[in-house]
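First up is the structure itself, then whatever we jot down about it.
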Amino acid sequence: MGATALIPADGTPIERIPLLAARHGATILAGAPGVFRRMLRADWPPIPTLRHALAAGERLDPALRAAWTARTGTDLHEAMGASEISTFLSGSPDRPAPMGTAGFAQPGRHVAILGDDGPLPPGQPGALAVRRDDPSLFLGYLDDPDATRACFRGDWFLTGDMAQADDRGEITLLGRADDIMNAGGFRVAPPEIEDHLSTHPGAGDVAVAELPTAPGVSIVAAFWTGPATPAQMQALAQDGLARYKQPRAWIPLDALPRTPTGKINRRALREAHRKDRP
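So the sequence shown is residues 1274 to 1551, counted in the working numbering.
Here is the structure:
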């Protein structure tokens, strides 16, 4: 197609990426959401050739997308994928994802929301899955047939994410299956809380996790990296979240723990801050 990919050298400050993009006439910027947050904190002139940006690696929160659009006048689309299936959900200029959703199944992909008895109708939460005959699905884990079998439910590969779809095919992610929290007897997905807390201008990076406090007892805890105070974050939660969704612990951090691929490591948060140890 005659396209050129510009990859910044190792050690290039993230804040300089917009300057490099403008110098070389880049039309698309791609990176993890944390990269876009860092760029937005820096001072740089508009990129006249930019058509849009693309975020991947972790869930894109709506506040970050809105901030990017306000700053650049271009949209920030999201692409979701995994090592086993490449990207399979996304928004695009021709079909932007509604705010707060991951977008739509890409053309030619076979995606469903599964319940115990198979694909669910629109509006019901379940396991996000890709059909076995999807053209990009992996063959299996090398020398580990048991792990391969464990990832399938009949003809469907389980991505490990919980989601729901509407009747137009818009898919909203509800978090990893093992990250779903129990808040006062209600099942709550982290994005339901994180999206609201991220709207505070001093929030920085935000994550929530369920912390055990005693055998059989746990609370929802909020973590953030920005200058906002615990009182400010708590006031925001009280103003816009149902009581059972409001975190009970407020823990500011210098940085959120992340996996090697840049995703928030909630397991590390739970282990580092759990309150049920003797």
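Virtual Cβ for every residue (Gly too), placed ideally from N, Cα, C.
Asked                                                                                                         : Found
For G1388 and G1396, the rounded distance between their alpha carbons                                         : 12 angstroms
Nearest-angstrom Cα separation, counted from I1386 out to P1392                                               : 5 angstroms
Neighbour flag for D1527 against chain B, beta carbons, 8 angstroms                                           : Checking the listed chains, one finds no chain B in this structure; it contains a single protein chain.
Under the three-state DSSP convention, the category F1309 falls into                                          : helix
A1295, enclosing alpha helix (DSSP H) - first and last residue                                                : 1290 to 1297
Residue from L1333, L1302, I1537, D1434 with nearest C-alpha to L1279                                         : L1302
Between the CA atoms of A1480 and P1463 - distance to the nearest angstrom                                    : 7 angstroms
Cβ-based burial, Q1511 [other Cβ within 10 Å; buried from 16]                                                 : exposed
Among F1425, G1304, T1322, E1483, the one whose alpha carbon lies nearest that of R1296                       : T1322
Inter-residue CB distance, E1465 and K1536 (contact presumed, cutoff 8 angstroms)                             : That belief does not hold up - the Cβ atoms of E1465 and K1536 are roughly 18 angstroms apart, past 8 angstroms.
Cα-Cα separation between Q1379 and I1453, rounded to whole angstroms                                          : 26 angstroms
Delimiting residues of the alpha helix (DSSP H) encompassing R1441                                            : It is not in any alpha helix (DSSP H) - R1441 carries neither H nor E in the DSSP assignment.
Helix, strand or coil at T1342 according to DSSP, with G and I counted as helix                               : helix
Length of the line joining the Cα atoms of P1530 and E1544                                                    : 11 angstroms
Cβ neighbours of Y1414 in the same chain (closer than 6 angstroms, five flanking residues each side left out) : A1420, T1421
Proximal residues to V1292 (C-beta, below 7 angstroms), its chain only, five neighbours per side dropped      : Note that residue 1292 is Leu in the sequence shown here, rather than Val. Here the set comprises W1317.
Residues near L1431 in its chain [Cβ-Cβ closer than 6 angstroms; skip 5 each side]                            : A1400, A1402, C1424
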